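K.L.:
Read left to right, the sequence shown gives residues 0 to 365 (numbering that gives the first Met the number 0). Attaching a single structure in structure tokens format; questions to follow.
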Amino acid sequence: MLIDKKYPLFKRCLVMLVFSCCWFFLSCQKALIRQRNLFVPAEFSTIEEAVKNSAAADTIIVRAGRYRICPAGIHITQKNLTLRSAQGAGETVLIGTGEAPLISFDQGCQATLDGFTLTVSDSDPNRACPLQGGGIYCAPYSSPTIINNFIVNHKAKFGGGIYCAEFSCPKIIHNTIVDNRAQVCGGGIFSFHASAKIAKNRLLRNSASFGGALFCNADRSVIKNNLIVKNTASHAGGGCIFIDSSASLVNNTICGNSALFGGGVFGLAGGFEQLNNILWKNRDDLCLVDFAMTCRPQFSNITDADYLGVNGNISQDPLFIDPNHGDYRLRPESICHHSGHPQKVYNNPDGSRNTLGAYGGPEPLE
Numbered sequence: 000m001l002i003d004k005k006y007p008l009f010k011r012c013l014v015m016l017v018f019s020c021c022w023f024f025l026s027c028q029k030a031l032i033r034q035r036n037l038f039v040p041a042e043f044s045t046i047e048e049a050v051k052n053s054a055a056a057d058t059i060i061v062r063a064g065r066y067r068i069c070p071a072g073i074h075i076t077q078k079n080l081t082l083r084s085a086q087g088a089g090e091t092v093l094i095g096t097g098e099a100p101l102i103s104f105d106q107g108c109q110a111t112l113d114g115f116t117l118t119v120s121d122s123d124p125n126r127a128c129p130l131q132g133g134g135i136y137c138a139p140y141s142s143p144t145i146i147n148n149f150i151v152n153h154k155a156k157f158g159g160g161i162y163c164a165e166f167s168c169p170k171i172i173h174n175t176i177v178d179n180r181a182q183v184c185g186g187g188i189f190s191f192h193a194s195a196k197i198a199k200n201r202l203l204r205n206s207a208s209f210g211g212a213l214f215c216n217a218d219r220s221v222i223k224n225n226l227i228v229k230n231t232a233s234h235a236g237g238g239c240i241f242i243d244s245s246a247s248l249v250n251n252t253i254c255g256n257s258a259l260f261g262g263g264v265f266g267l268a269g270g271f272e273q274l275n276n277i278l279w280k281n282r283d284d285l286c287l288v289d290f291a292m293t294c295r296p297q298f299s300n301i302t303d304a305d306y307l308g309v310n311g312n313i314s315q316d317p318l319f320i321d322p323n324h325g326d327y328r329l330r331p332e333s334i335c336h337h338s339g340h341p342q343k344v345y346n347n348p349d350g351s352r353n354t355l356g357a358y359g360g361p362e363p364l365e
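This is the structure:
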């Protein structure tokens with residue numbers, strides 16, 4: 000009674016505190032209960048069935064094997080769903096059988112796709128291709144994480160491997176994107192009004208009319224530490240093409256790509272940034288049309304000597320270890336070591352000045 004009369008406010012606060020703690024504890028317990036691991040094929044015979052029965056924050060773990068996906072593909076709508084393989088991309092293969100993207104991330108989706116080979120059935124070579132995203136489609140306002148995958152042999156009109164729709168923010172990290180084809184733009188990746196992070200990927204032997212490996216249209220993507228090699232475009236941008244883009248192209252190795260214009264990089268309007276790159280032995284390294292001054296390459300090694308001595312650019316053999324067998328790491332005596340932008344933000348992990356190409360900078364390709 001003494002507390003009731005003299006400390007009524009204290010009592011009310013104490014009751015509210017106890018109630019809040021109980022509510023928080025029950026909420027945590029509820030969240031923990033909802034975060035489940037679903038296993039394919041132990042619990043669900045197909046990945047589609049597991050996705051259908053999953054909830055936000057669940058993890059679907061797929062055992063090694065080859066899985067034929069239904070013609071409609073896999074649609075992921077759950078915000079925080081994780082779909083990952085148990086044994087990695089080399090052992091877990093998803094095979095597309097229809098005309099839709101193999102994986103689609105719906106609007107608002109923040110899911111993770113980790114450790115698969117994504118490819119298509121070769122039983123019907125004349126099968127029609129989707130309009131956008133042969134392998135993966137990222138819907139507007141989606142922000143999935145696409146990591147540790149092999150994305151192989153897909154085709155579409157736009158974005159043979161991956162299509163990033165307007166206002167999407169996907170993280171495309173440490174994937175091998177190879178032998179994909181777009182009838183129009185973006186053989187490997189097409190980014191349209193998006194803000195993608197495209198890092199530590201290998202984009203190899205992709206093809207399109209425009210942008211063999213990568214097509215960026217009016218986007219703000221960050222493209223760094225990628226190996227972009229032997230891609231082709233019948234018109235422009237064998238490696239990359241930037242149209243009215245404010246993207247950043249930093250610490251990439253862009254070699255052996257070909258196109259009629261800009262075999263390595265083609266830029267039209269906009270103000271995209273390019274620095275600390277190696278553009279070597281592309282069929283026409285660099286073509287810039289109606290560009291802002293910020294588009295001029297900086298601290299890069301370019302076969303085309305037109306940029307030699309300007310903005311810290313060099314033009315000397317980068318001395319790759321074994322490019323004939325796909326090893327584009329640098330020999331110890333390469334001039335590309337410690338020739339990048341001198342600002343500390345670009346330094347190598349050991350604190351030394353930036354090394355050019357995909358294997359340099361603060362987050363080098365492994």
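Idealized CB from N, CA, C, for every residue including glycine. Note that the coordinates shown come from a computational prediction; the quantities given were computed from them, not determined experimentally.
Going along the chain, which residues of its own chain have a beta-carbon closer than 6 Å to the beta-carbon of residue 90, five neighbours each way excluded?
P.N.:
Along the sequence shown, read from residue 1 onward, the residue named residue 90 stands at position 91. Correct list, in chain order: 63.
K.L.:
For the alpha helix (DSSP H) containing residue 46, name the first residue and the last one.
P.N.:
What you label residue 46 is simply residue 47 of the sequence shown in a count that begins at 1. Residues 46 to 51.
K.L.:
With DSSP as the reference, label residue 374 as helix, strand or coil.
P.N.:
As shown, the chain starts at 0 and ends at 365. That puts residue 374 outside it, with no answer to give.
K.L.:
How big is the Cα-Cα spacing for residue 226 and residue 317?
P.N.:
Along the sequence shown, one-based indexing puts residue 226 at 227. Along the sequence shown, one-based indexing puts residue 317 at 318. So the alpha carbons of these two residues sit roughly 14 Å apart.
K.L.:
Which runs of the beta strand (DSSP E), 3 residues or longer, sit entirely within the stretch 152 to 229?
P.N.:
154 to 157, 161 to 163, 170 to 172, 175 to 177, 180 to 184, 188 to 191, 196 to 198, 201 to 203, 206 to 209, 213 to 216, 221 to 223, 226 to 228
K.L.:
Quick one: residues in its chain with C-beta nearer than 6 Å to the C-beta of residue 243, no 5 flanking neighbours on either side, listed in chain order?
P.N.:
Numbered from its first residue, the sequence shown carries residue 243 at position 244. Excluding sequence neighbours, residue 243 sits near 217, 268, 269.
K.L.:
Taking just the CA atoms, how far does residue 41 sit from residue 247?
P.N.:
Taking the sequence shown and counting its residues from 1, the one referred to as residue 247 is at position 248. Taking the sequence shown and counting its residues from 1, the one referred to as residue 41 is at position 42. Distance between the alpha carbons of residue 247 and residue 41: 44 Å.
K.L.:
Compare the C-alpha of residue 294 against each of 271, 307, 277 and name the closest.
P.N.:
As a first step, residue 294 must be located in the sequence shown, where it is residue number 295. Of 271, 307, 277, the residue nearest in Cα terms is 271.
K.L.:
Suppose you measure from the CA of residue 277 to the CA of residue 359; what does that come to, to the nearest Å?
P.N.:
Taking the first residue of the sequence shown as position 1, residue 277 is located at position 278. Taking the first residue of the sequence shown as position 1, residue 359 is located at position 360. Using only the alpha carbons, I get a separation of about 11 Å.
K.L.:
Do you know offhand how far residue 407's Cα is from residue 158's?
P.N.:
Nothing about residue 407 can be reported from this structure: the residues present for the chain run from 0 to 365 only.
K.L.:
If you draw a straight line from the C-alpha of residue 309 to the C-alpha of residue 274, how long is it?
P.N.:
Looking up residue 309 in the sequence shown gives position 310. Looking up residue 274 in the sequence shown gives position 275. Rounded to the nearest angstrom, the two C-alpha atoms are 12 Å apart.
K.L.:
Using alpha carbons as the reference points, say which of 60, 207, 198 lies closest to residue 186.
P.N.:
Start at 1 with the first residue of the sequence shown, and residue 186 comes out as number 187. The candidate whose alpha carbon is nearest that of residue 186 is 207.
K.L.:
List, from N- to C-terminal side, the alpha helix (DSSP H) runs of 4 residues or more that fit wholly inside the stretch 111 to 155.
P.N.:
none
K.L.:
Just to confirm, is the Cβ distance from residue 145 to residue 129 under 8 Å?
P.N.:
Along the sequence shown, read from residue 1 onward, the residue named residue 145 stands at position 146. Along the sequence shown, read from residue 1 onward, the residue named residue 129 stands at position 130. No, they are not a contact pair.
K.L.:
Decide if residue 307 is buried, meaning its Cβ has at least 16 other Cβ atoms within 10 Å, or exposed.
P.N.:
Numbered from 1 along the sequence shown, position 308 holds the residue referred to as residue 307. Exposed: under 16 other Cβ atoms inside 10 Å.
K.L.:
Does the Cβ of residue 103 have 16 or more other Cβ atoms within 10 Å, making it buried, or fewer, making it exposed?
P.N.:
For the purposes of this step, residue 103 is identified with residue 104 of the sequence shown, where counting begins at 1. That one is buried.
K.L.:
Against chain B, with Cβ distances strictly below 8 Å, would residue 134 count as a contact?
P.N.:
Annotation note: the requested chain B is absent from the structure, which comprises a single protein chain.
K.L.:
Which partner residues does residue 103 have in the DSSP bridge list?
P.N.:
For the purposes of this step, residue 103 is identified with residue 104 of the sequence shown, where counting begins at 1. According to DSSP, residue 103 bridges with 74, 136.
K.L.:
In terms of residue numbering, what span does the beta strand (DSSP E) encompassing residue 65 cover?
P.N.:
As a working mapping, residue 65 is identified with position 66 in the sequence shown. Where residue 65 is concerned, the enclosing beta strand (DSSP E) stretches over 64 to 67.
K.L.:
Residue 231 and residue 257: beta carbons closer than 8 Å?
P.N.:
In the sequence shown, the residue the question calls residue 231 occupies position 232. In the sequence shown, the residue the question calls residue 257 occupies position 258. A contact, by the Cβ cut-off of 8 Å.
K.L.:
Going by DSSP in three states, residue 300 sits in which element: helix, strand or coil?
P.N.:
For the purposes of this step, residue 300 is taken as the residue at position 301 of the sequence shown. Looking at residue 300 - three-state DSSP - the assignment turns out to be strand.
K.L.:
Determine the burial state of residue 71: buried for a count of at least 16 other Cβ atoms within 10 Å of its Cβ, exposed for fewer.
P.N.:
Position 72 of the sequence shown holds residue 71. Residue 71 should be labelled exposed.
K.L.:
Please go through the same chain and pick out, in chain order, the residues whose beta-carbon is closer than 6 Å to the beta-carbon of residue 114, but skip the five residues on each side of it.
P.N.:
Sequence index remark: in the sequence shown, residue 114 carries index 115 (1-based). Answer for residue 114: 83, 84, 87, 88, 147, listed in chain order.
K.L.:
Between the beta-carbon of residue 235 and the beta-carbon of residue 265, is there less than 8 Å?
P.N.:
Within the sequence shown, residue 235 is the residue found at index 236, counting from 1. Within the sequence shown, residue 265 is the residue found at index 266, counting from 1. Yes, the Cβ-Cβ distance between residue 235 and residue 265 is below 8 Å.
K.L.:
Using CA atoms only, rank isn't needed, just tell me which of 178, 183, 195 is closest to residue 138.
P.N.:
Stepping through the sequence shown from its first residue, residue 138 is reached at position 139. Ranking 178, 183, 195 by Cα distance to residue 138 puts 195 first.
K.L.:
What are the residues that DSSP puts in a beta bridge with residue 266?
P.N.:
Counted from its first residue, the sequence shown places residue 266 at position 267. According to DSSP, residue 266 bridges with 241, 287.
K.L.:
If we count the other Cβ atoms within 10 Å of its Cβ and call it buried at 16 or more, is residue 32 buried or exposed?
P.N.:
Here residue 32 corresponds to residue number 33 of the sequence shown, with the count starting at 1. Since pLDDT at residue 32 reaches only 46, below the 50 mark, its modelled position is unreliable, and the value read off the structure follows with that caveat. Residue 32 should be labelled exposed.
K.L.:
Taking the alpha carbon of residue 334 as the reference point, which residue from 352, 343, 344, 325 has its own alpha carbon closest?
P.N.:
In the sequence shown, counting from the first residue as 1, residue 334 sits at position 335. The shortest C-alpha separation from residue 334 is found at 352.
K.L.:
Short of 6 Å in beta carbon distance, which residues of its chain neighbour residue 111, apart from the five on each side in sequence? Order them along the chain.
P.N.:
Taking the first residue of the sequence shown as 1, we reach residue 111 at position 112. 81, 144, listed in sequence order.
K.L.:
Nearest to residue 253 by CA position, among 37, 319, 61, 342, is which residue?
P.N.:
If you number the sequence shown from 1, residue 253 lands on position 254. Answer by Cα proximity: 319.
K.L.:
If you draw a straight line from the C-alpha of residue 156 to the C-alpha of residue 135, how long is it?
P.N.:
Translated into positions along the sequence shown, residue 156 becomes position 157. Translated into positions along the sequence shown, residue 135 becomes position 136. Their backbone Cα atoms lie some 13 Å apart in a straight line.
K.L.:
So, at 7 Å on beta carbons, what are the nonlocal neighbours of residue 126 in its own chain, with the 5 sequence-adjacent residues on each side left out?
P.N.:
Reading the sequence shown from its first residue, position 127 is the one you call residue 126. Shown here for residue 126: same chain residues with a beta carbon closer than 7 Å to its own, the five before and five after excluded, namely 98 in chain order.
K.L.:
Throw me the rounded Cβ distance for the residue 238 and residue 281 pair, which I believe falls under 8 Å.
P.N.:
Within the sequence shown, the letter at position 239 stands for residue 238. Within the sequence shown, the letter at position 282 stands for residue 281. Their Cβ separation, rounded to whole angstroms, is 6 Å, which keeps residue 238 and residue 281 in contact under 8 Å.
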